[in-house]
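Asker: Structure provided below as structure tokens; questions to follow.
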Amino acid sequence: MKGTFSWKWAVLVLSVAAMVGLGCAKKQTVKSEGAPGAGGPGEVSAPAPGPVGEAPAKEAPVAPAPPAPAPAPAPAPPAAAAPGIAVTEERLSQFDDVRFDFDKSEVREDGRKTCQVVADYLRKNPKAKLQIEGHCDERGTAEYNLALGERRAAAVMTYLVSLGASKANLSTVSFGKEKPLDPGHDEGAWAKNRRAHFVLK
Amino acid sequence: MKRSIGAASGAFLLALSLFPSAAFPVLYIDINAPGGKRMPIAVADVAVGSGDPSLSRGIPTILSDDLALTDLFDLIPPTAHLETVTAAHFSGKPLSFPGWKLIGAEAVVIGTVTARGDRLSVEMRLYDATQGTLLVGKRYTGTPTQLRSIVHKFANEIVYTFTGVRGVFGTEIAFSARSGKSKGKELYIVGMDGQDLRKVTDNRSFNLFPRWSPDGQWLAYTSYRTGAPNVYLRNVSTGTEKEVVRFGGSKAPGGFSPDGVWLYAGVSQAGNSDIYRVRVVGGAAEKVAEGWGLEVSPSPSPDGRRIAFVSDRGGSPQIYVKTVGVAGETRISTGTGYATSPSWSPAGDRIAYTARSGGRFVVATVAPDGTGLREVASAADGDCEDPSFSPDGRSLVYTYRKKGYSALKIIASDGRRQRTLVSGLGDAGSPAWSPGR
């Protein structure tokens with residue numbers, strides 16, 4: 036019993052030491068914690084009027100609050116918006132779209148016929164620059180669809196090159212699932228949206 | 008209610024747990040006990056020294072709304088309160104604790120506010136009503152526009168006092184959504200309480216995949232504003248930007264290393280997407296994972312040693328884990344369906360991702376070794392996708408979609424409670440929860 040008691044006492048001493056060591060907030064004088072580091076965590080965002088001052092408060096009356104923190108730097112002007120091209124708009128094409136199966140990027144039989152038409156045009160117009168847009172339907176994760184759209188566009192480009200088109204005149208861009216041709220939410224719409232779209236530059 | 012310990016550090020906790028007597032009368036909530044008893048707490052009306060009298064109820068309302076989001080507290084309605092808090096309670100006058108105990112409160116929050124011109128001074132205190140002791144007291148100064156931020160900070164103190172885990176009030180969620188009738192998508196930020204929704208970008212192109220830097224100051228994201236999908240770093244406060252990942256075609260940021268040195272991204276070249284990491288300062292790039300398939304959506308582990316990512320090398324997209332710089336990868340998702348958008352939990356013990364189940368997309372979590380699969384969020388009439396963990400790991404934000412409708416929802420990571428964070432914006436998606444504040 037006596038031994039247990041003194042052991043507990045030792046724990047108490049240790050605890051108090053831990054409290055002191057940790058700077059436990061309760062009974063300390065007021066000191067500012069939040070002032071430095073404008074742009075630090077936990078503040079309201081731009082235009083930020085400055086960080087929130089924060090200090091431990093104790094039970095007895097205390098001295099006045101710490102001085103106001105330094106004002107935040109003036110917000111920089113926002114980055115300029117893009118000029119001109121509305122990338123969100125469907126760009127008209129004289130060629131049909133090449134369509135794909137769900138989660139696939141192989142050029143199907145119907146797509147090969149379209150690619151032949153495109154390749155014939157490019158042979159007759161050797162200076163034409165063609166961009167191939169890859170698109171996906173709305174199902175699945177946007178990031179995965181971005182990469183899938185790129186793979187579809189690349190598959191069409193590879194096929195056009197195999198038909199004799201010059202790679203130097205071709206480029207690709209993926210829009211993932213962001214630019215559906217048909218805004219519907221059924222297989223009919225999805226089938227139209229899984230596509231490669233040709234745009235002459 | 009387990010009434011034993013509650014402390015600021017492991018050492019302190021250990022010392023006190025050896026001595027569980029009334030000498031250390033600190034209330035404690037075990038956040039790991041599902042359905043455990045909740046802490047009855049009274050948030051008293053605030054004494055208004057000078058300033059808008061509506062602050063008297065306004066401050067406790069913000070605080071009570073915060074505490075209610077945690078499912079850790081039972082809030083005792085103000086109509087039951089017997090004592091009115093005055094400035095005298097902050098200059099030596101004790102609270103009438105028997106009166107607070109009488110209405111069932113085990114903890115009491117009081118506060119006082121003084122507004123002078125553009126300066127606001129708020130003092131908040133949390134008492135153990137059963138022992139009549141002060142648990143934590145804080146004084147805040149700021150502008151009136153920072154009132155919510157101030158109250159969130161004290162709400163975090165309360166949660167920390169009772170659980171030992173920092174609360175997430177004042178944290179934010181970044182996401183992308185259509186802006187009005189525009190076909191483009193802009194980035195938005197909203198508070199975790201659903202307040203303070205604001206547009207971040209405004210360039211009328213597609214702005215996608217926002218990812219927070221570990222210090223919460225920057226968002227990495229993909230923008231089509233030049234016509235092609237490039238990755239930018241944007242300072243959230245100032246709006247300054249710089250382009251990163253200056254190679255490849257389609258690119259999407261996945262996440263930062265915990266030290267903020269590296270940005271992991273999926274980058275497509277010639278139709279083949281691989282995982283790279285790029286130095287945020289300097290731009291030097293390293294390939295981290297590659298293969299014949301599409302490798303996308305890297306999510307670094309909290310210790311920075313591993314990444315979870317998506318690969319379709321097996322015929323369909325699945326989640327893999329690999330140690331950075333070491334050959335070999337382990338598939339952790341099961342089935343032949345569709346598994347994408349992994350998000351590593353802050354404690355490192357779980358990975359949330361989008362799975363396909365019964366023709367629907369659902370949110371599931373799994374241990375990093377692929378064991379312990381749990382479905383967390385699903386809907387009979389729609390899809391649940393793109394999970395992102397809260398900084399305390401207790402919640403997930405995700406996208407709910409049903410035909411044309413979309414919303415962001417927050418669910419407890421055990422799947423028990425769910426609420427709508429944002430609705431009414433078109434095609435809301437890719438939510439990312441900010442680091443702790």
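First to last, the sequence lines map onto chains A and B. In this text, residue positions in the first sequence follow the working numbering: the first is 36, and each later residue adds one. In this text, residue positions in the second sequence follow the working numbering: the first is 8, and each later residue adds one. We treat Cβ as the ideally placed atom computed from N, Cα and C, and that holds for glycine. In this text, all values refer to a predicted model and were calculated from it rather than measured experimentally.
Using a cut-off of 7 Å between C-beta atoms, extract the partners of A:G175 located in chain C.
Answerer: Absent here is chain C; the protein component of the structure consists of chains A and B.
Asker: Less than 8 Å between CB atoms is the rule here; does B:G17 satisfy it with respect to chain A?
Answerer: Reliability of the predicted coordinates at B:G17 is poor, the pLDDT of 35 falling under 50, and the value obtained from them is presented with this limitation in mind. B:G17 does not count as touching chain A.
Asker: Looking at chain B, which residues of the segment 127-150 of chain A have a Cβ within less than 8 Å of any of its Cβ atoms?
Answerer: Within the segment 127-150 of chain A, the residues whose Cβ lies closer than 8 Å to some Cβ of chain B are D138 and S140, listed in chain order.
Asker: Mind checking whether B:R401 and B:S420 have CB atoms under 8 Å apart?
Answerer: Yes; because the gap between Cβ atoms is below 8 Å, this pair is in contact.
Asker: Could you name the residues that DSSP lists as bridge partners for B:T119?
Answerer: Beta-bridge pairing links B:T119 to B:A54 and B:E130.
Asker: Report the residues of the segment 268-296 of chain B with a CB closer than 8 Å to any CB of chain A, ordered along the chain.
Answerer: Of all residues in the segment 268-296 of chain B, G273, S275, A277, G278, N279 and S280 have a Cβ within less than 8 Å of some Cβ in chain A.
Asker: With H, G and I counted as helix, E and B as strand and the rest as coil, what does DSSP make of B:W219?
Answerer: Strand, per DSSP.
Asker: State buried or exposed for B:L240, treating a residue as buried only when at least 16 other CB atoms are found within 10 Å of its CB.
Answerer: Looking at its Cβ environment, which holds 16 or more other Cβ atoms inside 10 Å, B:L240 is buried.
Asker: Name the chain A residues whose beta carbon is nearer than 7 Å to that of B:P324?
Answerer: Chain A residues near B:P324: Y179.
Asker: In the DSSP assignment, what are the bridge partners of B:I196?
Answerer: In DSSP, B:I196 forms a bridge with B:A181 and B:R205.
Asker: Can you name the residues of chain B whose CB is closer than 8 Å to the CB of A:L183?
Answerer: Chain B residues near A:L183: L301.
Asker: Return yes when the Cβ of B:V129 is within less than 8 Å of the Cβ of B:V143, no when it is not.
Answerer: No, Cβ-Cβ distance for B:V143 and B:V129 is not below 8 Å.
Asker: Would B:Y360 pass as a contact of B:I314 if the rule is Cβ separation under 8 Å?
Answerer: Taking 8 Å as the Cβ cut-off, B:Y360 and B:I314 do not qualify as a contacting pair.
Asker: Once DSSP output is grouped into helix, strand and coil, what is the label at B:N210?
Answerer: Residue state, collapsed to three classes: coil.
Asker: Any idea which residues DSSP pairs B:A5 with across the strands?
Answerer: It is not possible to answer for residue 5 of chain B, since the shown part of chain B is limited to 8 through 444.
Asker: Mind checking if A:V208 is an interface residue toward chain B, Cβ cutoff 8 Å exclusive?
Answerer: It does: the Cβ of A:V208 has a partner Cβ on chain B nearer than 8 Å.
Asker: Is A:K93 close to chain B, meaning its C-beta is less than 8 Å from at least one C-beta of that chain?
Answerer: Chain B contact via Cβ: present.
Asker: Going by CA-CA distance only, name the one from B:A184, B:A181 and B:E164 that's closest to B:V175.
Answerer: With distances taken between Cα atoms, B:V175 lies closest to B:E164.
Asker: Report the CB separation of B:Y283 from B:V295 in whole angstroms; it is logged as a contact under 8 Å.
Answerer: Rounded, the Cβ-Cβ distance is 6 Å, consistent with contact.
Asker: Mapping the DSSP letters down to three states, classify B:Y231 as helix, strand or coil.
Answerer: Note: B:Y231 maps to coil in three-state DSSP.
Asker: For B:K145, name the three-state secondary structure that DSSP assigns.
Answerer: B:K145 falls in the strand class under three-state DSSP.
Asker: Under 8 Å, do B:A181 and B:A439 count as touching if we go by C-beta distance?
Answerer: Contact flag set, yes.
Asker: I'd like to confirm the pairing. Which residues does DSSP put opposite B:K294 in its beta bridges?
Answerer: For B:K294, which the question treats as bridged, DSSP gives the partners B:Y283.
Asker: Have a look at B:P105 and B:R126 and give me their C-alpha separation to the nearest angstrom.
Answerer: So the alpha carbons of these two residues sit roughly 35 Å apart.
Asker: Return the CA-CA distance between A:A163 and A:Q129, expressed in angstroms with no decimal places.
Answerer: Roughly 13 Å separates the two Cα atoms.
Asker: Exposed or buried, what is B:P101 when buried is set at 16 or more other beta-carbons lying within 10 Å of its beta-carbon?
Answerer: With fewer than 16 other Cβ atoms within 10 Å, it is exposed.
Asker: For the segment 61-72 of chain B against the segment 413-429 of chain B, are there 3 or more C-beta pairs whose distance is under 8 Å?
Answerer: Contact between the segment 61-72 of chain B and the segment 413-429 of chain B is absent, because fewer than three Cβ pairs lie under 8 Å.
Asker: If we count Cβ pairs, one from each stretch, closer than 8 Å, do we get three or more for the segment 382-398 of chain B versus the segment 345-353 of chain B?
Answerer: Enough Cβ pairs lie closer than 8 Å, so yes.
Asker: If you draw a straight line from the alpha carbon of A:D217 to that of A:R230, how long is it in whole angstroms?
Answerer: The alpha-carbon atoms of A:D217 and A:R230 are separated by roughly 11 Å.
Asker: With DSSP as the reference, please indicate the residues paired to B:W351 in a beta bridge.
Answerer: B:I358.
Asker: Assuming the contact rule is C-beta atoms closer than 8 Å, B:K206 and A:E213 should be a hit. Round their C-beta distance to whole Å, please.
Answerer: Incorrect: roughly 17 Å between the Cβ atoms, too far for contact.
Asker: Mind pulling the chain A residues with CB within less than 7 Å of B:K410?
Answerer: The answer, in chain order, is H220.
Asker: Using the three-state DSSP reduction, which class does B:L432 fall into: helix, strand or coil?
Answerer: In the structure shown, B:L432 sits in coil (DSSP, three-state: anything other than H, G, I, E or B).
Asker: Roughly how many whole angstroms lie between the Cα atoms of B:R381 and B:H159?
Answerer: Going by the C-alpha atoms only, they are around 31 Å apart.
Asker: Along chain B, in chain order, which residues have C-beta atoms closer than 8 Å to that of A:A188?
Answerer: Within chain B, the residues near A:A188 are G278.
Asker: Could you compute how far the alpha carbon of B:L89 sits from the alpha carbon of B:F97?
Answerer: Near 18 Å, if we compare the C-alpha coordinates of B:F97 and B:L89.
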